[in-house]
Each structure stands twice: as structure tokens, then as C-alpha cells.
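> Protein chains in written order, with the working numbering: chain A, 136 to 337; chain B, 136 to 337. Backbone N, C-alpha and C fix where the C-beta goes; we use that ideal spot for every residue, glycine too. Next up is a structure, given as C-alpha cells.
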DNA sequence: ACGTTACGAGTCTGACCCGTATCGTATTTC
DNA sequence: GAAATACGATACGGGTCAGACTCGTAACGT
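Next up, the structure:
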């Protein structure tokens, strides 16, 4: 919604105001269609309009094209981030790892894989993607730093690599179904413990 | 090439035989177009035919449609797997981790992200994907088991989770560009060492 | 020589889609 | 009530593509 009404000193333009219900319906229809399996490029304005029960013109009146609409729709999707409790570093990490790809909106899990190809093709889409995940990375970074400060974690660990270590397994499992034999539900606990302990004999 | 000539007791059908050069050209054109950034669904038979210097009928004579062609093309792509030397478990793991998404065919890296959405939509495509990666998982599994047998790795580790731990970070970085600040080149070493040592203070 | 099959190139029909324009209608301000 | 703007619906021209088809030609067996 880059250029919608809103601004404070609204001169209250004449004529019929834009329907908020239409706004919602369009965004929802977009996310629904994506979650139902449509890929980004297979998604058509016509299909969105039909699903939303809206004329095409109503969409074009609000957004310049499919990309602009998608940008807004995905922004709506990201939902709230998990909030670590701050008691146990291990428990906080398990919480964060378990939250990967498991947004409040259940459609998110279905939509994420669709973004993978887009991410490498357009700088804009890459930026959008980073805007969503980088605050989550920051959250994990803070927990790890806290662990170091508290002496629970070693001071010489590579925090960035550790984040990838924790995030990677969950992400490939949720997004890519990497290993069908891996139980997704217990994975956060097992990943965190394995990363904590290491695998070398000692 | 599900139903091509080949079979032993070939009755040697009359008429002009199919051109092997056309076969190659079609497959190559398909992989090239994908590697150049075309998504799977944006890929059209017409474009492939034009690129391969081939008539559309020549493609339809061989494959039922885009899906069948893609299936064959991707089978060609998988290339050879890295072969661990077998001396040091750590070095073997670094080799395997470094090989993730880095097939002999340089086009593979570009194509992999395009597969992510497809994997969750069709059982066939999921199977194809698993056929490619499961032998690689097996290779890593064997190295880990060897490590346990040799006493380099603890006997109580969860091998499957450990594989995810090693694979995940590399995969999200190569395929999803998860963290732009992470140096991809040194990542295999750092991931393997981090997994070996763990991060808990001791 | 002749039948058979493949070849590259091209045509044709029917989809589907984009983005714009135009209906008649509804809702708001002045 | 009049002007302005929104609405859903639909039509339009322009585009791409799937598949089936047709050419004239090329390569193979007998």
C-alpha cells in the first residue's frame, strides 16, 4: 500500500472512497492462490480478480502490476516473530529453530518454496526476502551472544556460521523436504542439542 | 529416453532413424535455457525447439510434453558425485559439503532453485528430486559411520540429524542465498569444524 | 527404385493472459 | 441534486503458447 490514502492532512478527496473490503479481498485472494499451489508466475491478475470477486480495474487502480501487488501481499504474510523467553539459551534456540518457516499464517509454509527461484533473479525480490528473514537472524544472533556472555557458549565460536548451522537443517526440511525420513516435529530439539555438543569423540 | 530404440533384439525399424544429434541438442537447449534463468513453467517447447535448431514436431515425436522432457533433461544433469578419499573423516566431510549444489555441470547450481517449488507439488517431481539427492545422502552417511567405527566420532550421535546439520547450511546458502554476509567459499570448512566441536562451553 | 520414417520449418486453432477502456451502478462531498 | 470517484462486469487488441498438422527434403532398409 505505498500510495494509499492515510496521510494525516487528507484533503478528503471527493467521490466514492476506495473499498477497504476490496483491498483485503485482493490480498487474501493472492495469498490463497499462492498457498493452493500456484507459482508466482502462473498467478494471473485475472485469476486474483475472479477469486477476490473484484473487477480487474479495481486491482490496476491500486497496483501497477503483478510485482507490486505481490510485494504488498508478501509483506502482509510475514506475521509476528517468535519471542524468546530469555531464561535458557538452549530453550530459546529450540524455540527460534522451531519457528523457522512456521509463521502465524499457515499459508506461509506453502508459499516460501515459491520464492526460492525469484530470489536469485531480481534484486528487488531478493531485498524483500532479506527484509523478512534478516530480523529473524538478528534475533538468533542476540540469543547466541547472550549465551556467550553468560558463559554457556564458548567465546570463540563463529556466530554467523552457528546461525546457519541451526537454521539450515530446519529450512531444508520445511522448504525442500530434504529427507523424508527425518521427523520434523522433534527436529528443533535434536538440531540444537547436536550443535551444542558437537559430534567429535572426546 | 523412456521408450527409445536401444533394446537388444531391435527389429531395426525401416525408414530414417532418429537423429542422435537432435536428441542431444534438445536436452542441451533445455538445460541451457533453465541455467540462463528461465523458470520451469516459463520454459516453452517453442523456445527449446528454436534454441536447439529443431522443429517442434521433433520434440513431440520423442516426449509427450514438457514434463516428460524435463524429467529426462534433469536426469542428464545430475552428473557424477564427489568421491571421498577415505583418509580423513574431516576432509571427506569438507569435500562432500563443498560439493553440495556444485555438480560437475555448472548449470546445476542455477537450476536447483527452480526445482524447489516443483518438489512440493507433484509426487513425480518429488521422486525425481529424491533420486538425485538420496545417493548423496548415502555417501555422507557412510563417511559418518566410518567416523564412528574409527572412533573419530562419538557412537551415540544421530547420523541423520548430523547429515542435515552438515548439508543444511550449505544448501540454504547456495540455493536460497540465505545470508549474503556469509562467505560461501570457506563455508564447508567452517561448517564441518563447527559441527565437529559443538558450541557449548566446556 | 521404392516405401518408410525422420527432418527443419512453418501454419493453424484454441487457450490464456495483460493492460486498457467502457458499460451501468453505487457512494461520497459540496 | 450535481460532480466526482469508486465499484463489478465485460469487451477489446496484442501477445504467447500448446499441439496437431502440412510442406518439401533427407536418410534408411529392401
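What first and last residue would you give for the alpha helix (DSSP H) that runs through residue 247 of chain A?
Unbroken alpha helix (DSSP H) run through residue 247 of chain A: 242-254.
> Are the C-beta of residue 303 of chain B and some C-beta of chain A separated by less than 7 Å?
Taking Cβ atoms only, chain A reaches closer than 7 Å to residue 303 of chain B, which makes this a yes.
> If you compare alpha carbons, which of A:216, A:154, A:165, A:209 is closest to residue 196 of chain A?
It is A:154 whose Cα lies nearest to the Cα of residue 196 of chain A.
> Cβ atoms of residue 286 of chain B and residue 336 of chain A: under 7 Å apart, would you say?
Yes, the pair counts as a contact, with Cβ atoms nearer than the cut-off.
> Just mark residue 210 of chain B as buried or exposed, buried being the case when its beta carbon has 16 or more other beta carbons within 10 Å.
Exposed: under 16 other Cβ atoms inside 10 Å.
> Compare the C-alpha of residue 207 of chain B against each of B:192, B:327, B:264 and name the closest.
When only C-alpha atoms are compared, the closest one is B:264.
> Taking only runs of the alpha helix (DSSP H) that begin and end inside the segment 197-235 of chain A, which ones reach a length of at least 4 residues, in chain order?
Correct list: 201-212, 224-233.
> What residue from A:278, A:275, A:160, A:212 has the CA that sits closest to residue 240 of chain A's CA?
It is A:212 whose Cα lies nearest to the Cα of residue 240 of chain A.
> Where does residue 233 of chain B land, buried or exposed, given buried means 16+ other C-beta within 10 angstroms?
Buried: at least 16 other Cβ atoms inside 10 Å.
> Cβ of residue 307 of chain A less than 7 Å from any chain B Cβ?
Judged by the 7 Å Cβ criterion, residue 307 of chain A is in contact with chain B.
> Just mark residue 308 of chain A as buried or exposed, buried being the case when its beta carbon has 16 or more other beta carbons within 10 Å.
It is buried - the Cβ of residue 308 of chain A has at least 16 other Cβ atoms within 10 Å.
> Tell me, please, which residues DSSP counts as bridged to residue 288 of chain A.
According to DSSP, which records beta bridges pairwise, residue 288 of chain A is partnered with B:335.
> What's the gap between the Cα of residue 317 of chain B and the Cα of residue 277 of chain A?
Distance between the alpha carbons of residue 317 of chain B and residue 277 of chain A is about 17 Å.
> Can you give, in chain order, each stretch of the alpha helix (DSSP H) that sits fully within the segment 144-198 of chain A and has at least 4 residues?
Those alpha helix (DSSP H) runs which fall completely within the segment 144-198 of chain A and span 4+ residues are 155-170, 180-187, 191-195.
> Could you tell me the distance, in whole angstroms, from the CA atom of residue 297 of chain B to the CA atom of residue 165 of chain A?
C-alpha separation (whole angstroms): 38 Å.
> On the criterion of 16 or more Cβ atoms from any shown chain inside 10 Å, does residue 291 of chain B qualify as buried, or is it exposed?
Looking at its Cβ environment, which holds fewer than 16 other Cβ atoms inside 10 Å, residue 291 of chain B is exposed.
> Using the beta-carbon count (16 or more within 10 Å), is residue 220 of chain B buried or exposed?
Exposed: under 16 other Cβ atoms inside 10 Å.
> Suppose you measure from the CA of residue 189 of chain B to the CA of residue 248 of chain A; what does that come to, to the nearest Å?
When rounded, the distance between both Cα atoms is 34 Å.
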